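**Student:** This structure is in structure tokens; I'll ask about it shortly.
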Amino acid sequence: MLRTARALAASLALGTALLIVPAASPSPTLGVGPLPKCRLDDILTIPRGYDDWSHTLVDWILSVGPDYKPPDLVSISRARVTGGGLIREVAFDDLVAMADAARAHGTPLGNVSSYRSYKTQKALFNSYANGYGFDQAINFSARPGHSEHQLGLTIDFAAAGTSSFVSETSPTGRWLAKNAWKFGWLMSYPKGRQDVTCYSYEPWHYRYFGRDLAAKIHDSGVTTREYLWSHFTAVDPKTGEPVSTASPAPSGSSAASTPPEATSPAPATSAATTPSPPVATGTPTSPPTAPAVMWFGLDPPVVAVLLVTVLALVAAVAGRRLSRRPGRR
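The working numbering puts the first residue of the sequence shown at 572, with every later residue one more than the last.
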């Protein structure tokens, strides 16, 4: 019995240690301080060079300005994605790979909206603001200069041959939610995260980051806005002044790659025809998220509990066998 007790004690100690190790892992270092709350502003984002495409953040606060137009836009149709539109060439090869994989799965991809210029975004936002009111429109539409579509890296996906946004309950939407990150694409505005993304849930809106960075963001379990702010954004959200970051800017940037300086755009107010707001059909489920640390594909606490249970059973069996030996009581 003494040996059994010792074995059980050792098992419990090991399980406790396993639970403590992941909790002690350091969190990412913030580059420019805590993520600011959602508030409307027109601060030019840094970095915003065309070569800084994977690190450029636009949101309610940060803008690329009216003169930002990527120099390498190509037709999405060449990637065998229906719906037309343009995307940056840096995203093209991985879009082709993702479209091929989706087609092989039986869920081919279509496009509702991709690159939009500052002028186009201004007209679109005006129409929503006039139809639904400014305070409501800002929750599902970006002001001009603040849209990820202007970066030329974003697609609002549909099932091939349709013009309806995907949801995570549709076959195409489910496939994207599970697999898009493997090809460098991430959902910008996941369900239940409007407090940090500033925009309502959009299971159709995916932005390209490249496979390496997309994998890091996916594995971190945080939203794309949180990750870019923590690791790359280099502007004071109050003053608009450049600040140093915890992570260096990408080495490929140059003065020639930086779009012209622009004045801060003001919210547009001109009248336009009012289209229907973007609403996905069905009842989408939460997008897949991954904890920062995974063991054998499971959460660390689950692995620890299973290990403790197995060791306890082994110890109990060993104790019984010892107690049955001749001469033992």
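All residues carry an ideal CB built from backbone N, CA and C; glycine is no exception. Quantities reported herein were computed from a predicted structural model and do not represent experimental measurements.
What did DSSP end up calling N682 once you bin it into helix, strand or coil?
**Tutor:** It is a strand residue.
**Student:** Residues in the same chain with beta-carbon distance under 7 Å from T733, minus the five sequence neighbours each way, listed in chain order, please.
**Tutor:** So the list reads G681, once near-sequence residues are dropped.
**Student:** Give me the Cα-Cα distance between S712 and G677, rounded to the nearest whole angstrom.
**Tutor:** The straight-line gap from Cα to Cα measures roughly 31 Å.
**Student:** Along the beta strand (DSSP E) that carries R778, what are the first and last residues, could you check?
**Tutor:** Run containing R778: 773 to 779, per the beta strand (DSSP E) assignment.
**Student:** Kindly examine the ligand SAM and report whether one of its heavy atoms sits closer than 6 Å to the Cβ of R778.
**Tutor:** Because no ligand of any kind appears in the structure shown, any question about the ligand SAM cannot be addressed here.
**Student:** Could you check what DSSP says for T844 in three-state terms: helix, strand or coil?
**Tutor:** Bear in mind that the predicted position of T844 carries a pLDDT of just 35, short of 50, making it unreliable; the figure below should be weighed with that in mind. DSSP places T844 in coil when its eight states are reduced to three.
**Student:** To the nearest angstrom, how far is the alpha carbon of K809 from that of C609?
**Tutor:** Spanning the two alpha carbons is a distance of roughly 12 Å.
**Student:** Closer than 7 Å by C-beta to P813: which residues in its own chain qualify, once you throw out the five before and the five after it? Chain order, please.
**Tutor:** Excluding residues within five positions, the ones whose Cβ falls inside 7 Å are I617, A805, V806.
**Student:** Grouping DSSP H, G and I as helix and E and B as strand, with all else coil, what is W752?
**Tutor:** If DSSP states are grouped into helix, strand and coil, W752 belongs with the helices.
**Student:** Roughly how many whole angstroms lie between the Cα atoms of A662 and A672?
**Tutor:** Taking the straight line from one Cα to the other gives about 16 Å.
**Student:** Helix, strand or coil for R764 per DSSP?
**Tutor:** R764: coil per DSSP, three-state reduction.
**Student:** Check whether the Cβ atoms of Y621 and P637 lie closer than 7 Å to each other.
**Tutor:** In this structure, P637 does not lie closer than 7 Å to Y621 by Cβ.
**Student:** Per the DSSP calculation, M758 is bridged to which residue(s)?
**Tutor:** Answer by DSSP bridge pairing, in chain order: Y777.
**Student:** Excluding the 5 residues flanking D630 on each side, which residues of the same chain have their C-beta closer than 6 Å to its C-beta?
**Tutor:** If we look at D630 and ignore the five residues flanking it on each side, its Cβ neighbours are C769, R796.
**Student:** Ignoring anything shorter than 4 residues, give me the alpha helix (DSSP H) runs that lie fully in the segment 723 to 750, in order along the chain.
**Tutor:** Entirely contained in the segment 723 to 750, the alpha helix (DSSP H) runs reaching 4 residues are, in chain order, 742 to 750.
**Student:** What are the complete beta strand (DSSP E) segments, minimum 3 residues, inside the segment 611 to 649?
**Tutor:** Correct list: 644 to 646.
**Student:** Measuring straight from C-alpha to C-alpha, what distance separates T834 and L757?
**Tutor:** The predicted position of T834 is uncertain, since its pLDDT is 44 and thus under 50; a value taken from the coordinates is nonetheless stated next. One C-alpha to the other measures close to 30 Å.
**Student:** Checking the sheet assignment: what are the DSSP bridge partners for T653?
**Tutor:** T653 pairs with G681.
**Student:** Specify the secondary structure class of R687 as computed by DSSP and reduced to three states.
**Tutor:** Of the three classes helix, strand and coil, the one that applies to R687 here is coil, per DSSP.
**Student:** Starting from K608, trace the alpha helix (DSSP H) both ways and give me its first and last residue.
**Tutor:** From DSSP, K608 is part of no alpha helix (DSSP H); its letter is neither H nor E.
**Student:** Could you give the distance in angstroms between the alpha-carbon of F780 and the alpha-carbon of L747?
**Tutor:** Distance between the alpha carbons of F780 and L747 is about 15 Å.
**Student:** Is it right to say K693 is buried, meaning 16 or more other beta carbons lie within 10 angstroms of its own, or is it exposed?
**Tutor:** Buried, because 16 or more other Cβ atoms sit within 10 Å of the Cβ of K693.
**Student:** Bridge partners of R659, per DSSP?
**Tutor:** Answer is L644, bridged to R659.
**Student:** Among the residues of its own chain, which have a CB less than 7 Å from the CB of H776, if the five just before and after it don't count?
**Tutor:** These residues qualify, in order along the chain: T725, D727, M758, S759, Y760.
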